[in-house]
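Q: To get this note's numbering, take the position in the sequence shown, counting from 1, and add 50.
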Amino acid sequence: MNLFLSSNSVGIKKTILLLFYLCLFLNTSLSAHGDLDLQIERISKRIEKNSSNANLYLKRGQLYNQHKEPKKAKQDYFNARNLDNNLLITDLLLAQLLVDNNEANAALPYINLFLKNHANHSIALIARAKIYQQMRQPDLCQKDLENALTNITEPNPSHFISISEAVLMTDDSNISEALSWLKKGEEKFGFDIVLKSKEVDLYVQSKQYENAILTIDKIMEHFQRKEKWLFQKATIYEKGGKTDLAKIHYDATLEAINKLPKRIQMTSKIIELEVYSLQRINELSN
51 MNLFLSSNSV
61 GIKKTILLLF
71 YLCLFLNTSL
81 SAHGDLDLQI
91 ERISKRIEKN
101 SSNANLYLKR
111 GQLYNQHKEP
121 KKAKQDYFNA
131 RNLDNNLLIT
141 DLLLAQLLVD
151 NNEANAALPY
161 INLFLKNHAN
171 HSIALIARAK
181 IYQQMRQPDL
191 CQKDLENALT
201 NITEPNPSHF
211 ISISEAVLMT
221 DDSNISEALS
231 WLKKGEEKFG
241 FDIVLKSKEV
251 DLYVQSKQYE
261 NAILTIDKIM
271 EHFQRKEKWL
281 FQKATIYEKG
291 GKTDLAKIHY
301 DATLEAINKL
311 PKRIQMTSKI
321 IELEVYSLQR
331 INELSN
């Protein structure tokens with residue numbers, strides 16, 4: 051592979067790839083929306099025949115929400131709520147819809163109503179944490195996330211990351227506690243690339259560059275392909291002022307790319323990685 055690709059050839063390849071993925075996305079998106087349209091039409095016909103059925107409005111509201119029509123979804127949730135006060139799930143759905151559309155203040159009363167009857171409902175606690183996050187109340191956000199974690203039967207790494215982020219919202223200098231939540235996640239799940247990547251980000255954020263490098267070394271033990279991680283190590287060495295080590299790792303990135311199959315070398319991400327590595331080597335050498 052020619053490392054010194056012309057800007058025109060790189061641009062043409064990127065354009066072709068973008069057009070391919072755009073066509074793929076449009077076909078998938080149109081198909082999905084077509085299915086939703088049909089489901090909404092069917093439910094609407096049922097509502098015409100039975101307009102007092104709260105569950106039908108609830109179902110159509112969920113479909114409208116998936117269809118990215120929040121106003122119609124909200125109206126259907128309100129209709130369901132007015133028809134059946136005991137349909138408590140409506141309060142949760144309303145709160146989720148409102149917070150997803152940046153209406154945290156409007157969402158809070160509904161989520162509180164739901165939690166009044168289901169105090170340990172993990173999904174509702176996470177929804178309220180998101181509301182508090184939008185309202186810039188990080189202490190309450192973190193508290194709800196921690197409570198949610200104790201009640202989730204099957205937690206996943208994202209829950210630990212959310213708590214870690216909430217800690218930093220409260221105090222952006224409290225890197226140690228934020229890292230401790232990532233470590234708790236690793237204790238539960240073992241090696242997890244999402245948790246480890248977040249750990250690297252926090253070490254870089256706090257300028258603990260050596261720890262970031264050590265963490266990447268642990269990550270690399272689990273992957274056959276190394277180019278992405280070698281490149282990240284190079285950028286971290288550069289941030290830490292270690293120019294020689296940065297150049298060594300940009301070179302190592304290029305060597306790793308050259309060992310990839312040709313079809314992978316020609317992908318837009320790898321081309322960009324290669325070109326940028328060459329640029330950094332040239333700049334650092336001057």
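The beta carbon of each residue, even a glycine, is placed where N, CA and C say it ideally should be.
Distance, Cα to Cα, T98 vs E119?
A: For the purposes of this step, residue 98 is identified with residue 48 of the sequence shown, where counting begins at 1. For the purposes of this step, residue 119 is identified with residue 69 of the sequence shown, where counting begins at 1. According to the sequence shown, residue 98 is Glu rather than Thr. Cα to Cα, the separation comes out at about 20 Å.
Q: Do L232 and N197 have their C-beta atoms closer together than 7 Å?
A: Within the sequence shown, the letter at position 182 stands for residue 232. Within the sequence shown, the letter at position 147 stands for residue 197. No.
Q: Across the region 162 to 176 and the region 186 to 206, are there enough close Cβ pairs to call them in contact, namely three or more that are closer than 8 Å?
A: Flag = yes, the region 162 to 176 and the region 186 to 206 touch.
Q: Quick test of your reading: I181 and A216, contact by CB under 8 Å. State the CB separation rounded to the nearest angstrom.
A: By one-based count along the sequence shown, residue 181 stands at place 131. By one-based count along the sequence shown, residue 216 stands at place 166. Not a contact, Cβ separation roughly 13 Å.
Q: Buried or exposed: which applies to N136, given that a residue is buried once 16 or more other Cβ atoms fall within 10 Å of its Cβ?
A: On the sequence shown, position 86 is the one that residue 136 refers to. N136 is exposed by the Cβ-count criterion.
Q: Closest to D85 by CA distance: which of L113, D267, L165 is it?
A: Reading the sequence shown from its first residue, position 35 is the one you call residue 85. Of the listed residues, the one whose Cα sits closest to D85 is L113.
Q: For the putative contact between L323 and F281, defined by C-beta atoms under 8 Å, what is the C-beta separation to the nearest angstrom?
A: In the sequence shown, counting from the first residue as 1, residue 323 sits at position 273. In the sequence shown, counting from the first residue as 1, residue 281 sits at position 231. Right, their Cβ atoms sit about 6 Å apart.
Q: How would you label G235, buried or exposed, when you count the other beta carbons within 10 angstroms and need 16 or more for buried?
A: Against the sequence shown, residue 235 aligns to sequence position 185. Flag for G235 reads buried.
Q: Assuming the contact rule is C-beta atoms closer than 8 Å, A177 and I161 should be a hit. Round their C-beta distance to whole Å, please.
A: Reading the sequence shown from its first residue, position 127 is the one you call residue 177. Reading the sequence shown from its first residue, position 111 is the one you call residue 161. So it is a contact: roughly 6 Å between Cβ atoms.
Q: Where are the alpha helix (DSSP H) runs, 4 residues long or more, that stay fully inside the region 116 to 172, in chain order?
A: For the region 116 to 172, whole alpha helix (DSSP H) runs of length 4 or above, ordered along the chain, are 120 to 133, 139 to 150, 154 to 167.
Q: For the structure I just gave you, are there three or more beta carbon pairs, one from the region 253 to 261 and one from the region 283 to 295, closer than 8 Å?
A: Yes, the region 253 to 261 is in contact with the region 283 to 295.
Q: On the CB-based measure, 16 or more other CB atoms within 10 Å of its CB, does S335 come out buried or exposed?
A: One-based indexing of the sequence shown puts residue 335 at position 285. Flag for S335 reads exposed.
Q: Would you please state the rounded distance, in angstroms, between the beta carbons of L147 and K124? I believe it to be under 8 Å.
A: Here residue 147 is taken as the residue at index 97 of the sequence shown, counted from 1. Here residue 124 is taken as the residue at index 74 of the sequence shown, counted from 1. About 6 Å; that satisfies the 8 Å criterion.
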